[in-house]
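Protein chains in written order, with UniProt numbering: chain A, 1 to 197; chain B, 1 to 197; chain C, 1 to 197; chain D, 1 to 197. Think of the CB as a built atom: it goes at the ideal place given N, C-alpha and C, for glycine as much as any other residue.
4 protein chains.
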Amino acid sequence: MSARKTDPAARQGEIVDATVRVIARDGLSGASLRTIAREIGYTTGVVMHYFRDKEQLLVAAAEAVFGPFEELLAEASRMDDAFEGLRRMCVLPLPTTRAKQVIPRIYAQVLASAETEPAFAEAFRQRYGAFRDGVQSLLAAGQRSGAFRADFEPAAQCDLLCALVDGLALHAVSEPSRLPPDRVVALVTQELEKLRA
Amino acid sequence: MSARKTDPAARQGEIVDATVRVIARDGLSGASLRTIAREIGYTTGVVMHYFRDKEQLLVAAAEAVFGPFEELLAEASRMDDAFEGLRRMCVLPLPTTRAKQVIPRIYAQVLASAETEPAFAEAFRQRYGAFRDGVQSLLAAGQRSGAFRADFEPAAQCDLLCALVDGLALHAVSEPSRLPPDRVVALVTQELEKLRA
Amino acid sequence: MSARKTDPAARQGEIVDATVRVIARDGLSGASLRTIAREIGYTTGVVMHYFRDKEQLLVAAAEAVFGPFEELLAEASRMDDAFEGLRRMCVLPLPTTRAKQVIPRIYAQVLASAETEPAFAEAFRQRYGAFRDGVQSLLAAGQRSGAFRADFEPAAQCDLLCALVDGLALHAVSEPSRLPPDRVVALVTQELEKLRA
Amino acid sequence: MSARKTDPAARQGEIVDATVRVIARDGLSGASLRTIAREIGYTTGVVMHYFRDKEQLLVAAAEAVFGPFEELLAEASRMDDAFEGLRRMCVLPLPTTRAKQVIPRIYAQVLASAETEPAFAEAFRQRYGAFRDGVQSLLAAGQRSGAFRADFEPAAQCDLLCALVDGLALHAVSEPSRLPPDRVVALVTQELEKLRA
DNA sequence: GATGAATGAGTGTTCATTCAT
DNA sequence: AATGAATGAACACTCATTCAT
């Protein structure tokens, strides 16, 4: 029906992408195998052919969401400007462009599904934990290099920062008119400035 | 057990309470009419008799969640200590005690499903909007009375505060071991202290 | 669609009967909830309304099959003629009439499904065990009353008898032309005669 | 592991063996093409390549089950001791050793599904018919040679014997604790002794 | 000849909802 | 007013089978 790609990894990626897209659009509860399959023009059998379980598929989707963060984290730790590196990561999950709306949306679903989809939530938590460690290291390194003020504790500040960014992302998704992209970025940047030395 | 309270409003409230309890316990996706009905010993027919739709029931539940916030807001505007009033409201959604876990849990569900359940989301947005206006007024009043510093804009600070608290509440629900009640309250209080004059 | 009976027990019985009929006709693997529901003109939801599980339904069906045996067993122990009582029970499972074909057919399914439908098989085994105990008592009582020869052990003879009758029933189902009702009854009766004093 | 044996007949036999093994282990309903294919490390496509249908595969499996019986029958007709030859054949389907459990188990499945799988049933009936003719000839020859008593009709006795052995085999599979190998063999032998001259 | 991707009908089960009583 | 029987669509998942490669 659609183009016959024979590379199984590509097809697998295609399904994961569709899953992420559907979760972002219809919520986790709306992400049935049928909906996901229809999204790429196949039947549910195809999805089950590439993923043993729905659980496995959701785990793959959770991991896929973190790809950009991990790239950016690696990039940031190589940068000289600790502040700019941190800023980019904080802006990433914000719904600044239509395409990026996926991240905060799926993120909200994951947070809320901790009880109901344990494997999904756990995969997400692990990746998020690793990412948060990276942010914390970034803060500590910035303090040592003199880029950030010394009067905050990296661990606490990291938690505050993550909570703030996630909260803003959620609100911006549910009330885009009150929190347009520019405003959200401005708010976050303003908070980050307070950390500057 | 069934034919006791014949007051329809009371019965309605009973159902809403059960709904809130079930959502907090099993998540929104686990809150089927059957589960809710069983929670109070009735059948699904009873629930449908008092609420046209499941949608209507969810809207009622969403509104019920805001009850404590609105009480606290009214109380806070009567208080002399603007800081303490604000602090109490910020702490409310946090999972501070075992009994209070209902509020942040259902809150997380509501936040996450705002996009996917339109009527639910609208009810939520309206109530939240009113609540946020109250917080903003509180901040402005605190600035005028000299309780808060004058170098922040109430509207922006209100958005930051709400986002921070919501983000922390979500994280605390999904990772209780990393964010135990004491720590969450300490983090929020520490941020609030920065606003003090 | 069909007549609206409001007695829930009657409806439950109706479903069990249909289940037994379908298993006899299509085998256990052909007895899907849909097929069973269609047999009585309802949807699968109805079946699930009266039986929590398919397992529960199968257990009920297994028990229903033993109804006639238990009646006959009670009757036989009240009879004077031990031989005739035993004969009737041995003939019951044989496919002598079109209507009675149900018993050996469902029986074969149960025997073969021991591994695959444990609850079904277990329910059947228990009932069969009780029934076999009755047959054994009948043999022992017949020996004491002088109706049967004294040179056989009741337990062993009971097992042989049950195996023989079940084996004949199975063969008669799969090869009706080789083993017409008359012949099967004659074979069994001839074996029983050997037990006579 | 895959491209070893290219001899099509060998591959076919390998698949049939796997099928018999799976049916014995998981029952006929558990014998999906996927399970069978996985048993020998292939995919379902391979199985379908060597057998037009699943039906064809089952027919081949049913026929394979009769292999040992036919060997034993040929051997028995060459033996001097008619009694011993008969006894060996009657014991074969009984679950006497752990390794031999395959035969009675698959045998039970075949018997039970005779009605529900037409082609399977037909293959089974034909082979069983030929086998039963052999047993009957054995009985008649034994009578002529004076090994067996002369006061039974070979045809009727053959049917009784087959039914008894099949019934015991089924019961032994479904209730191994009540009918351990020793006991089953003893029961059958005891019945056979009655035929001795 | 041999493979595994893809299909579509099927499984048991849950769901919100309707409706006669 | 209140019930629970009934519906039909949806769910995740399995199945035998087809077909392009």
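- In chain order, 150 place their CB closer than 6 Å to the CB of residue 143(D), counting only its own chain and leaving out the 5 sequence neighbours on each side.
- Taking 8 Å as the upper bound for CB-CB distance, residue 115(A) and residue 17(B) are not in contact here, some 20 Å apart.
- For residue 149(C), the three-state secondary structure derived from DSSP is coil.
- In terms of Cβ geometry, residue 131(A) and residue 139(A) do not form a close pair [threshold 8 Å].
- A buried status is given to residue 166(D), since no fewer than 16 other beta-carbon atoms sit within 10 Å of its beta-carbon.
- In terms of Cβ geometry, residue 74(A) and residue 85(A) do not form a close pair [threshold 8 Å].
- Residue pairing of residue 178(D) in beta bridges, as defined by DSSP: absent, with no partner found.
- Residues of chain D with a Cβ closer than 9 Å to the Cβ of residue 116(C) are, in chain order, 26, 27, 28, 29, 30.
- Taken atom to atom, the span from the alpha-carbon of residue 173(D) to that of residue 197(D) is near 32 Å.
- Residue 83(C) sits away from residue 164(C), with the two beta carbons spaced by 8 Å or more.
- Residue 10(D) and residue 39(D) have their C-alpha atoms spaced approximately 16 Å apart.
- For residue 13(A), the enclosing alpha helix (DSSP H) stretches over residues 8 to 26.
- The alpha-carbon separation between residue 65(D) and residue 171(D) amounts to approximately 19 Å.
- For the segment 154 to 168 of chain A, the residues whose beta carbon sits under 9 Å from a beta carbon of chain B are, in order, 156, 159, 160, 162, 163, 164, 165, 166, 167, 168.
- In terms of CA proximity to residue 169(D), 112(D) leads the group 157(D), 71(D), 112(D).
- In the DSSP annotation of this structure, the continuous segment of the alpha helix (DSSP H) that includes residue 45(C) starts and ends at 44 to 50.
- Between residue 62(D) and residue 110(D) a beta carbon distance of about 6 Å is seen, short of the 8 Å cut, so the two are scored as contacting.
- Residue-level contact by beta carbon holds for residue 170(A) and chain B, with a gap shorter than 8 Å.
- Residues of chain D whose Cβ lies closer than 9 Å to the Cβ of residue 111(C) are, in chain order, 108, 111, 112, 170, 171, 173, 174.
- Within 8 Å of the CB of residue 125(B), the CB atoms of chain A belong to 174, 175, in sequence order along the chain.
- Proximity of residue 191(B) to chain A, defined by a Cβ-Cβ separation below 8 Å, is satisfied.
- Every unbroken stretch of the alpha helix (DSSP H) spanning 4 or more residues and falling wholly within the segment 57 to 123 of chain C is given here in chain order: 67 to 78, 82 to 91, 102 to 112.
- Against residue 121(C), the close residues of chain D are 174, in the order they occur along the chain (beta-carbon pairs closer than 8 Å).
- Beta-bridge partners of residue 196(B) (DSSP): 148(B).
- In the three-state scheme derived from DSSP, where H, G and I count as helix and E and B as strand, residue 40(C) is classed as coil.
- Shown here, residue 29(A) sits in coil according to DSSP, grouped into three states, outside any helix or strand.
- Using a Cβ-Cβ cut-off of 8 Å, residue 94(B) does not count as an interface residue toward chain A, since no Cβ of chain A sits closer than that to its own.
- Here the alpha carbon of residue 177(A) sits roughly 10 Å from the alpha carbon of residue 183(A).
- With a threshold of 8 Å between beta carbons, residue 33(A) makes no contact with chain B.
- With respect to chain D, the C-beta atom of residue 187(C) has a partner C-beta closer than 8 Å.
- One thing to note: residue 20(B) has its Cβ within 8 Å of the Cβ of residue 102(B).
- Residue 127(D) counts as buried, since at least 16 other C-beta atoms from the protein chains shown sit within 10 angstroms of its C-beta.
- At a cut-off of 8 Å between beta carbons, residue 11(A) makes no contact with chain B.
- In the structure shown, residue 133(C) falls within a helical segment according to DSSP collapsed to helix, strand and coil.
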